[in-house]
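As structure tokens, the structure follows; a few thoughts come after it.
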Amino acid sequence: MKILVALTYYRPHISGLTIYVERLARALAARGHSVTVLTSRFAAHLPLREELDGVQVVRVPVAARISKGVLMPTIGFVANRLVWSHDVISLHLPQLDASGIALRARLLRKPVMLTYHSDLVLPPTPVNMLAGMVVNASNNVAASLAHVICAYTADFADASPLLARFRNKVCCILPPVELPEVTRAEAEAWAAARGLEPQHPVIGLAVRLAAEKGVEYLLQALPQILQTHPGATVLHAGPVGEVIGEKEYRRSLQPLFDKYRSRYIFLGALDPHEMAMFFKLCDVHVLPSVNSTETFGLVQIEAALCGTPTVASDLPGVRVPVREFGIGLNTPPRNAAALGAAVLKVLANPEPYRRPRPELAAHFAPDRIAARYEQVLQSLLQN
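So the sequence shown is residues 177 to 559, counted in the numbering used here.
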């Protein structure tokens, strides 16, 4: 099949959505399909066209930014050509341009599979409120035009206002997750080579520095954790200064970062091999997200593949890895005391929260997830 995949941000942007789509696109290409990704040229240095891991990437110039989104005046022209020349369309939401692409696909009688990654929740400003209304309207139009909608889990599908309206055409497919296998000795050598000598226990955080990730609740829980483990260190993997639309959030947390600067270490964005080293180094991983922009948390599975338990927020979808695979504990969102208590409980006895790597890897293997997409897309073509 010739598959057109459309989303707002693709690599080198870092988010759970972009990592998901990158893994999926590569796996579909490896299965013999012709895959094209239509996305934004969100940074001026990026080429308009390139091939990455067997996937053709087409980037559309950005004229302006609004909050976390982009305006691409010429995307309609590019989409006309690409929708026409492909067999099936895979849309990944939230995405401002999804409705226009879905409409073109319908007019050209091309099947549309929509993957709904998360709700759009923005800081409450007049501009953000307007942007949110426009994107949510586009999401709803795209969902109404799609032939099938994919959600990660039934738990999130039942809780999402958008998915609830189209529940009759929602299918659930787990996200693709993979990470290299490394040893503890390799992880310690990697840390030493970076000049890192973190005291244990090591608490890992693998998120963009963004408001929806709830980083402040881990910071607020640190006094409670340090009381029992005075040498505890937080390692934070993920983009910090360059996160789109999050300057104010970072500024608001700076006093706490300054307060714990000897206990809180920023590692920046890491590649997959480095992420494996990072997780192997951690004694516990924390995902303190606060709202429905987080709908699963791929990092929970990545951590579990490395033998590291997770403490994650009890949110629809986000709680599924812990509930179904027993890889950690869930705590109420926005509750620093509960978060701290759960971290201490896991640190005291981590073994019950570890699962065999092959068992987890089989559930989330990108080839397995791509095969499920392939099955759905081929069914749409045949019907």
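Every residue gets a Cβ at the ideal spot worked out from N, C-alpha and C, and that includes glycine.
Unbroken beta strand (DSSP E) runs of no fewer than 3 residues, entirely contained in the segment 398-467, are found at 409-413, 440-444, 460-463, following chain order.
DSSP places Gly516 inside the alpha helix (DSSP H), whose first and last residues are 512-524.
According to DSSP, residue pairing for Asn506 in a beta bridge involves Ala488.
Met248 sits buried, since 16 or more C-beta atoms from the chains shown fall within 10 Å of its C-beta. Of the candidates Val522, Ala408, Asn506, Ala408 places its Cα closest to the Cα of Ile441.
Residues Arg235 of the same chain have their beta carbon placed closer than 7 Å to that of Leu222, with the five preceding and five following residues left out of the count. Per DSSP, Tyr292 lies in no alpha helix (DSSP H); the unbroken beta strand (DSSP E) holding it starts and ends at 288-292. According to DSSP, Cys347 shares a beta bridge with Cys326.
If you look at His268, you'll find it in the beta strand (DSSP E) that goes 264-269. Where Arg531 is concerned, there is no enclosing beta strand (DSSP E), because DSSP gives it neither an H nor an E. Bridge partners of Ser191 according to DSSP: none are assigned. Using a Cβ-Cβ distance cut-off of 8 Å, the segment 352-366 and the segment 212-228 are not in contact, since fewer than three pairs of beta carbons, one from each stretch, lie closer than that value.
The distance from the Cβ of Ile477 to that of Leu411 is about 19 Å, inconsistent with a contact at the 8 Å cut-off. Three or more beta-carbon pairs separated by less than 8 Å are not found between the segment 326-340 and the segment 449-467, which leaves the two stretches without contact. Across the structure, Val233 and Pro188 are spaced so that their CA atoms are roughly 12 Å apart. Taking a 10 Å sphere around the C-beta of Asp295, we find 16 or more other C-beta atoms and assign the residue as buried. In the displayed model, Gly252 falls within a helix according to three-state DSSP. Thr507 is positioned such that its CB atom lies closer than 8 Å to that of Ala518. In the three-state reduction of the DSSP assignment, Gly276 falls in the helix class.
Of the residues assessed, Pro337 falls on the exposed side of the cut-off, its CB having fewer than 16 other CB atoms within 10 angstroms. Val259 and Phe342 have their C-alpha atoms spaced approximately 24 Å apart. Between the C-alpha atoms of Leu228 and Glu357 there is a straight-line separation of about 23 Å. The beta carbon of Ala479 sits closer than 6 Å to the beta carbons of Phe455, His461, Thr486 from its chain, once the five residues preceding and following it are set aside; these are given in chain order. Beta-bridge annotation (DSSP): Pro237 is paired with Arg217. DSSP places Arg499 in the helix class (H, G or I) of the three-state scheme. Shown here, Leu222 sits in coil according to DSSP, grouped into three states, outside any helix or strand.
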